[in-house]
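These notes are about the structure you will find just below.
Numbering (the working numbering), first residue to last: -13 to 301.
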């Protein structure tokens, strides 16, 4: 088990970054970011995620897709806590010309795929996991952070079905079940069993956790390593706005940045912040992609003087 006290300090720093950057921008989604902070702190800095921070294009790096792309303040704060962004750079969030856009785009070098339109991230992660297992045959794992609101999108369930069919044990979904969407409570609220029963019926391994218990979070990720021949979905009960008393589980705060007085009040609740602490991300294995041997195409054998169905001629 990693140093939980250090992870808690990192989570506090990341929450500080989330609030100060969104307050500085005057916009963004701080509460949606705060609910997933512990989940992502445990993943990146708890000895689970493998990534060479100095080589973001390393083929063996684990992949992290923020399907809930509006939580971009959290994404950028994670890389600041890893030492790859300064606090000054974080304060350019949502500025014209900044790579720290309101939803992640590949202009920022640690973004695997541009997201923001909900319901797409799991399909993207599915493709990456398929590539790792069946084409390049590389050891990287793909993690997808999902919002509970976007689980009403049909595209999610198509991806869930296909991932199970291909036995993608290198794919891990993480649902941030914080109960609240843009306009109120989500379809299932905090009913984790509703998600678990549906997802497991497709053949996924499911793990239900308290999304703010760092020991439980680490244990869930470690369990995912042991699962074979099926993908894993971690279903985490979280609190939107976690860490700030007047934001926690409150409607009306989606996509709303704190004003100066609110920021000051929130930071008072945080207490002392160690802005010098940095998290370490483990490096990936040094393997090369598997070579694909070109296959000879079949010769055209149908007669040229007779009609042939298009699907038969071209596939």
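Glycine included, each C-beta is placed from N, C-alpha and C at the ideal position.
Contact between residue 46 and residue 272 holds, since their C-beta atoms are separated by about 7 Å, short of 8 Å. Taking C-beta atoms under 8 Å as the contact rule, residue 252 and residue -1 fail to qualify, at a distance of about 14 Å. Counting the other CB atoms within 10 Å of its CB gives residue 183 a total below 16, which places it among the exposed residues. Taking 9 Å as the cut-off, the Cβ atoms of residue 39 and residue 88 do not count as close. For residue 274, the closest alpha carbon among the candidates 122, 284, 255, 138 is that of 122. For the pair residue -11 and residue 199, the Cα-to-Cα distance works out to about 13 Å. By the neighbour-count definition (other C-beta atoms within 10 Å, threshold 16), residue 167 is a buried residue. Secondary structure in the stretch 106 to 149: the beta strand (DSSP E) runs of 3 residues or longer, each lying completely within the stretch, are 128 to 133 in chain order. The residue among 257, 144, 196 with its C-alpha nearest the C-alpha of residue 188 is 144. Relative to residue 77, the option among 153, 217, 242, 3 whose CA is nearest is 3. Secondary structure note for residue 17: its alpha helix (DSSP H) is the uninterrupted segment 16 to 21.
Going by beta carbons, residue 102 and residue 56 fall inside the 9 Å limit. Excluding residues up to 5 positions away in sequence, 85 lie with their Cβ nearer than 6 Å to the Cβ of residue 93 in the same chain. In this structure, residue 196 lies away from residue 172, with their beta-carbon atoms at least 9 Å apart. Below 8 Å, too few C-beta pairs join the stretch 136 to 155 and the stretch 282 to 289 to call them touching: fewer than three. Relative to the Cα of residue 90, the nearest Cα in the group 81, 227, 112, 52 belongs to 52. Per DSSP, residue 191 is one residue of the beta strand (DSSP E) stretching across 191 to 196. Between residue 16 and residue 227, the C-beta gap is smaller than 9 Å, which places the two residues in contact.
Annotation: residue 24 to residue 297 spans about 51 Å, alpha carbon to alpha carbon. When secondary structure is reduced to three states using DSSP, residue -5 falls in the helix class.
Counting along the chain, the unbroken beta strand (DSSP E) around residue 159 starts and ends at 157 to 163. Comparing alpha carbon positions, the residue from 31, 112, 59, -3 closest to residue 14 is 59. Look at the beta carbons and you see the stretch 217 to 232 touching the stretch 146 to 165: at least three pairs across the two are nearer than 8 Å. As DSSP reads the structure, residue 222 sits in a beta bridge with 162, 195.
Along the stretch 240 to 276, the alpha helix (DSSP H) occurs as fully enclosed runs of 4 or more residues at 246 to 256, listed in sequence order. For the set 22, 190, 65, 148, the Cα lying nearest the Cα of residue 112 is the one of 148. Residue 167 is bridged by DSSP to 170.
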